[in-house]
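Engineer: Just dropping this structure here.
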Amino acid sequence: MLNTATKITIFRIILIPLILIVLLFPYQNYYSIALFGFKMYLPYLIALVIFAIAALSDAVDGHIARTTNTITNLGKFLDPVADKLLVNTLLIFFTATNHIPVLVTILMISRDTIVDALRLICVENNIVVAASKYGKLKTVFQMVTICLILLFAFPDVALANWLLYLIYLTTFISVASGIDYFIKNRDTLRK
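Here the sequence shown is numbered in my numbering, starting from 561 and rising by one per residue.
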């Protein structure tokens, strides 16, 4: 039987294809709206709302699991998978639509792959690798950056310079947090 926290995690995974359907639907025209003095692309705005719900559900499921003492192996497995699927799906989409450089996506996905491999090695050596403050900062920056891209981007239109700088900063934080994991666990790798 699935507990509430795991159901929320599964709900987050289900939202990912819904975001893609909204983003990839073959719209014939640009559907834009003006909100707070900004012109926004309506499909991206809808995807932003769904993405924000998915991102917030990450905090909710973790809080519920801890406060109700219902942390399960399935939840421990699904939660990081859901997070990576959510973020990496949008990174790949933004690369495919030329909103972010391919190197950004390669670096962020590579970082996650390397850290996950490092965690597996640590588990085999009975070492628990908790999420670091840099890893948490990386996640926050990724979520905020994706939200801002969805808020201010239009198809076939280059992003504003400030948003590109934020993307590069997020990439730097992502890589730096991966290096931090590597440095802290290098002794395990030497065994």
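Glycine included, C-beta positions come from ideal geometry on N, C-alpha and C. As the structure is a computational prediction, the values presented were derived from the model and not from experiment.
(1) Pick out whichever of Ile660, Pro715, Gly738, Ile743 has its Cα sitting closest to the Cα of Tyr728.
(2) Name the residue from Leu645, Phe654, Val664, Phe742 whose alpha carbon lies nearest to the alpha carbon of Leu680.
(3) Could you give the DSSP three-state label for Tyr601: helix, strand or coil?
(4) Within 10 Å of its beta-carbon, does Ala691 have 16 or more other beta-carbons around it, so buried, or fewer, so exposed?
(5) What did DSSP end up calling Ser592 once you bin it into helix, strand or coil?
(6) Does DSSP put Ile573 in a helix, in a strand, or in coil?
(7) Measuring straight from C-alpha to C-alpha, what distance separates Thr748 and Ile674?
(8) Compute the Euclidean distance between the alpha carbons of Leu757 and Ile593, then round it to the nearest angstrom.
(9) Is the separation between the beta-carbon of Ala625 and that of Leu710 shorter than 7 Å?
(10) Figure out for me which residue from Lys599, Thr627, Gly635 has the closest Cα to the Cα of Lys567.
(11) Straight-line CA distance for Phe654 to Gly597?
(12) Is the CB-CB distance between Ala642 and Ile573 below 7 Å?
(13) Measuring alpha carbon to alpha carbon, tell me which residue in Asp740, Ile579, Asp716 is nearest Asn589.
(14) What does the alpha-carbon distance come out to for the pair Asp639 and Lys744?
(15) Under 7 Å between the Cβ atoms of Thr649 and Ile733?
(16) Straight-line CA distance for Asn629 to Pro586?
Structural biologist: The answer reads as follows:
(1) Ile660
(2) Phe742
(3) strand
(4) exposed
(5) strand
(6) helix
(7) 14 Å
(8) Residue 757 lies beyond the range of the chain shown here (561 to 751); nothing can be said about it.
(9) no
(10) Gly635
(11) 24 Å
(12) yes
(13) Asp716
(14) 23 Å
(15) no
(16) 45 Å
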